[in-house]
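Here is the structure we will look at, set down as structure tokens.
Chains as they are written, first to last, in this note's numbering: chain E, 1 to 116; chain D, 1001 to 1111.
Encoded structure:
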């Protein structure tokens, strides 16, 4: 079972460069989200989506764009990378049906991004 | 979003039970209590969740106070593999799409 797959696992960028972190899930989950985790801190929600064509902002959306054209994929775009975006990024998905208060979140293994 | 408060760190001996507390005094009636854990260099993984009643699964037990203002995650016999950061999170069923993590509790297990 693939679950949630993130690529790349590691990336080094220069300030001002753009890039896209890929996230794909094969569980037919409606909900997908992106978090960032800085050293010694918990996860902070960047953006999330409840289905194709629907996205919304989380706690720290500035500097990031997302789109959801298919159920399976939820890419995260860094428009102009800054050193403050150096972090580990996690993608997560879950089923929405069956009550929105429930639904286990499945996480990917993370993408470690360094911006020089 | 209702907030949770957890101790920064806790320590346990291997093979002994561990009680990880979480305070959520502003919890609303529709908030579910979720617990996740994050092992070193991995993404978080689901542990357990509940609303009002105590819950058990193969990983842990969740004890919820009668007034729901606090809860405790119970690991019945800690192993070295349980060393991780444990996150207590509230999810409002009305606005259940966002799941906001706090800093969590670092659990250290001694052999």
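The beta carbon of each residue, even a glycine, is placed where N, CA and C say it ideally should be.
Give me the Cα-Cα distance between residue i and residue j, rounded to the nearest whole angstrom.
i               : j               : result
residue 1074(D) : residue 1087(D) : 13 Å
residue 101(E)  : residue 1090(D) : For residue 101(E), the predicted model reports a pLDDT of 48, less than 50, meaning its position is unreliable; a value from the coordinates is still stated below. If I take the Cα positions, the gap works out to 9 Å.
residue 1083(D) : residue 1108(D) : 5 Å
residue 1042(D) : residue 107(E)  : 9 Å
residue 86(E)   : residue 48(E)   : 20 Å
residue 26(E)   : residue 94(E)   : 11 Å
residue 6(E)    : residue 77(E)   : 13 Å
residue 1021(D) : residue 1070(D) : 7 Å
residue 44(E)   : residue 13(E)   : 21 Å
residue 1010(D) : residue 1019(D) : 9 Å
residue 64(E)   : residue 46(E)   : 8 Å
Could you work out which residue in the options is closest to residue i when comparing CA atoms only?
i               : options                            : result
residue 18(E)   : 58(E), 79(E), 62(E), 5(E)          : 79(E)
residue 72(E)   : 84(E), 12(E), 50(E)                : 50(E)
residue 1056(D) : 1035(D), 1069(D), 1066(D)          : 1035(D)
residue 1050(D) : 1099(D), 1033(D), 1015(D), 1028(D) : 1033(D)
residue 1026(D) : 1003(D), 1046(D), 1020(D)          : 1003(D)
residue 32(E)   : 66(E), 115(E), 113(E)              : 66(E)
residue 112(E)  : 88(E), 96(E), 104(E), 92(E)        : 88(E)
residue 1014(D) : 1053(D), 1045(D), 1080(D)          : 1080(D)
residue 3(E)    : 116(E), 42(E), 104(E), 115(E)      : 104(E)
residue 1059(D) : 1007(D), 1047(D), 1065(D), 1066(D) : 1047(D)
residue 23(E)   : 15(E), 92(E), 114(E), 96(E)        : 92(E)
In chain D, which residues lie less than 8 Å from residue i when you measure between Cβ atoms?
i             : result
residue 21(E) : Neighbours of residue 21(E) on chain D: none; closest Cβ ~14 Å, over 8 Å.
residue 74(E) : What residue 74(E) touches in chain D: nothing, since even the nearest Cβ is about 13 Å away.
residue 16(E) : What residue 16(E) touches in chain D: nothing, since even the nearest Cβ is about 29 Å away.
At 8 Å on the CB atoms, spell out the chain E contacts of residue i, in chain order.
i               : result
residue 1104(D) : 42
residue 1046(D) : 104, 105, 106
residue 1018(D) : What residue 1018(D) touches in chain E: nothing, since even the nearest Cβ is about 20 Å away.
Listing by chain order, which chain D residues have their CB less than 9 Å from the CB of residue i?
i              : result
residue 113(E) : Residues of chain D passing the Cβ test: none, with the nearest at roughly 15 Å.
residue 110(E) : 1041, 1042, 1043
List, in order along the chain, the chain E residues whose C-beta lies closer than 7 Å to that of residue i?
i               : result
residue 1062(D) : Simply none; closest approach about 13 Å.
residue 1087(D) : 42
residue 1107(D) : Neighbours of residue 1107(D) on chain E: none; closest Cβ ~14 Å, over 7 Å.
Please confirm whether residue i has its beta-carbon closer than 9 Å to some beta-carbon of chain B.
i               : result
residue 1087(D) : No chain B appears in this structure, whose protein chains are E and D.
Just the chain E side, please: which residues come within less than 9 Å of residue i by C-beta, in chain order?
i               : result
residue 1055(D) : Per Cβ cutoff of 9 Å: no residues; residue 1055(D) is ~11 Å from chain E at best.
Start-end ranges of the beta strand (DSSP E) lying completely within the segment 1028-1082 of chain D, minimum 3 residues
1031-1038, 1045-1050, 1061-1064, 1070-1075
Any chance you could list the beta strand (DSSP E) runs of at least 3 consecutive residues sitting entirely within the segment 52-94 of chain E, in chain order?
54-57, 64-66, 76-78, 87-94
Mind listing which residues of the segment 21-52 of chain E have their C-beta closer than 8 Å to chain D's C-betas, in chain order?
31, 33, 35, 41, 42, 43, 44, 45, 48, 50
Ranges of the beta strand (DSSP E) found wholly within the segment 28-53 of chain E, counting only runs of at least 3:
31-37, 43-51
Taking Cβ-Cβ distances below 7 Å as the criterion, which residues of the segment 76-98 of chain E are in contact with chain D?
90
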